[in-house]
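Novice:
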Ligand code: GLV
Ligand code: MN
Ligand code: MN
Ligand code: MN
């Protein structure tokens, strides 16, 4: 391999890293994310790939001439707050390394009749700035509601449309891109594993069979803002007190199921003064289970518990959002990948991925690389050098076979 996966990840290990926590924050169009885009452009151009960024902010690095039935690989470079250097970048670095392996093996990407090949980088996969996960893939295939997307606000109140414009994009051009979707023949995404599946199985690489049902909701408890010193407890309508019960109810509702998970990842008290009883508290909710009915049941249990907890404190509770069912990756593609990698186990994914969104329009499949910490969305996530290189070669093997499809 010309450049190992680890050497590429080491080259970006200081970008967007918060010194205090060691975690990374690389939301869309942040300095860190823009620097990562430059890094990717440099790596791709050094290999002679033709790089361009489309109207939805997706980066494409073509080997040879763009054309239909393109074999696409890649992942994302953005991160959650406090994230690691592998969730996303491992797939991008492995795509570049797999390209190197295929070149070394003599694959001629520009030969007449060769299947077009392209490495893609999808923006805002984590939805960590504007709240919408897999935003790049949802834009290109029309899954995202455009008007709603343009009005999404970050925590500073900047809308997606404003941020896009400030970064040179035309806000009227976001949305389903028939031309690019028409060129994509299939997509194979390599990703660091985000759980313990491969640790337990003692294997370096797995195939993904599904993405479990999941969704994102927002919850608000509305009470009455008031003075923290002058307001007796008996006269309070304190939404934070009810919010505490809601957080507990989220855990209890998930715990009452077999394998369901539910998370309050953000809780914001408004206006947020030390000596102010909040007027309202906003919370996020993430909930997942292999069956959507179970997710729906957890949400309804949380709704009932939240309404009761709010009423007890003289507050109101609202819960908004929606979930999506379990996504199964293309079985023909996954079978062919399995034929190339017969040792690789097949695992479900508890995390969402652009490959899941794009599955609506084209065959998609995924490879996971062992993460010895079993921890993700944290700087603890990683892959051993040998596993990362093994993963890139596995990806090269799969891609080489797919070039003939
Ligand atoms: C993406 O990492 C997710 O939240 O599943
Ligand atoms: Mn990811
Ligand atoms: Mn992630
Ligand atoms: Mn508010």
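Residue numbers (full-length UniProt numbering): 1 to 405. Cβ atoms here follow ideal geometry from the backbone N, Cα and C, with glycine treated the same way. Predicted model, so just to flag it, every value in this text is computed and none were measured.
For residue 288, which three-state DSSP category applies?
Specialist: strand
Novice: Helix, strand or coil, according to DSSP, for residue 215 in the structure here?
Specialist: Residue state for residue 215 is assigned as strand, using DSSP reduced to three classes.
Novice: Comparing alpha-carbon positions, which option in 11, 228, 16, 358 lies nearest residue 133?
Specialist: Among 11, 228, 16, 358, the Cα nearest to that of residue 133 is on 358.
Novice: Please name the residue, chosen from 98, 176, 402, that lies closest to residue 339 on a Cα-to-Cα basis.
Specialist: Closest by alpha carbon: 402.
Novice: On the DSSP bridge assignment, give the partners of residue 377 in chain order.
Specialist: Looking at the DSSP output, residue 377 sits in no beta bridge, so it has no partner there.
Novice: Taking residue 248 as the reference, give the member of 308, 289, 202, 296 with the closest Cα.
Specialist: 308
Novice: Report the three-state DSSP secondary structure of residue 104 (helix, strand or coil).
Specialist: helix
Novice: In terms of DSSP beta bridges, what is residue 220 paired with?
Specialist: According to DSSP, which records beta bridges pairwise, residue 220 is partnered with 282, 318.
Novice: If I'm right that residue 101 touches residue 388 with Cβ under 8 angstroms, what's the distance once you round it to whole angstroms?
Specialist: Incorrect: roughly 13 angstroms between the Cβ atoms, too far for contact.
Novice: Relative to the C-alpha of residue 229, which candidate in 305, 275, 316 has its C-alpha closest?
Specialist: 275
Novice: Using only CA atoms, which one of 127, 109, 36, 2 lies nearest to residue 64?
Specialist: 109
Novice: In terms of alpha-carbon separation, which member of 290, 160, 206 lies closest to residue 197?
Specialist: That would be 206, whose Cα lies nearest to the Cα of residue 197.
Novice: For ligand 1, enumerate in chain order all residues having a CB closer than 5 angstroms to any of its heavy atoms.
Specialist: 351, 352
Novice: Does the contact criterion of 3 or more C-beta pairs under 8 angstroms hold for the region 140-150 versus the region 80-96?
Specialist: With a cut-off of 8 angstroms, the region 80-96 and the region 140-150 do not count as touching, because too few Cβ pairs lie within range.
Novice: Under a criterion of Cβ closer than 5 angstroms to any non-hydrogen atom of ligand 2, which residues qualify, in chain order?
Specialist: 87, 88
Novice: Can you check which of these residues, 385, 254, 242, 72, is closest to residue 311 by C-alpha distance?
Specialist: Nearest to residue 311 by C-alpha distance, out of 385, 254, 242, 72, is 242.
Novice: Please report the straight-line C-alpha distance between residue 187 and residue 69, rounded to a whole angstrom.
Specialist: 10 angstroms
Novice: Under the three-state reduction of DSSP, which class applies to residue 159: helix, strand or coil?
Specialist: strand
Novice: For residue 80, verify whether its CB is less than 7 angstroms away from any heavy atom of ligand 3.
Specialist: yes
Novice: May I ask you to report which of helix, strand or coil DSSP gives residue 186?
Specialist: strand
Novice: Is residue 33 close to ligand 6? I mean its beta-carbon at under 7 angstroms from any heavy atom of the ligand.
Specialist: Absence of ligand 6 is noted for the structure shown, with ligand 1, ligand 2, ligand 3 and ligand 4 being the only ligands found.
Novice: Please indicate yes or no: does the CB of residue 126 lie closer than 7 angstroms to some heavy atom of ligand 3?
Specialist: yes
Novice: The beta strand (DSSP E) spanning residue 269 covers which residue range?
Specialist: 267-270
Novice: In the DSSP output, which residue or residues are listed as bridge partners for residue 74?
Specialist: 120
Novice: Are the beta-carbon atoms of residue 348 and residue 210 separated by less than 8 angstroms?
Specialist: yes
Novice: With contact counted as at least three CB pairs below 8 angstroms, one residue from each stretch, are the region 50-59 and the region 145-159 in contact?
Specialist: no
Novice: Please list the terminal residues of the continuous beta strand (DSSP E) segment that includes residue 347.
Specialist: 346-349
Novice: So, with DSSP's three-state summary, where would you put residue 236?
Specialist: coil
Novice: Just to confirm, is the Cβ distance from residue 354 to residue 189 under 8 angstroms?
Specialist: yes
Novice: Can you tell which of 305, 34, 6, 4 has the C-alpha that lies nearest to the C-alpha of residue 15?
Specialist: 34
Novice: Is it true that the region 161-180 meets the region 88-97, where meeting means three or more beta-carbon pairs spaced less than 8 angstroms apart?
Specialist: no
Novice: First and last residue of the beta strand (DSSP E) that includes residue 260?
Specialist: Neither: residue 260 is in no beta strand (DSSP E) and is coded neither H nor E.
Novice: Between residue 107 and residue 130, what straight-line distance do the alpha-carbon atoms span, to the nearest angstrom?
Specialist: 40 angstroms
Novice: Spatial neighbours of residue 181 within its chain, please: CB distance less than 7 angstroms, with the 5 preceding and 5 following residues excluded, ordered by chain position.
Specialist: Correct list, in chain order: 140, 141, 361.
Novice: Would you mind giving the Cβ-Cβ distance between residue 253 and residue 262, rounded to the nearest angstrom? I have them listed as a contact below 8 angstroms.
Specialist: 6 angstroms
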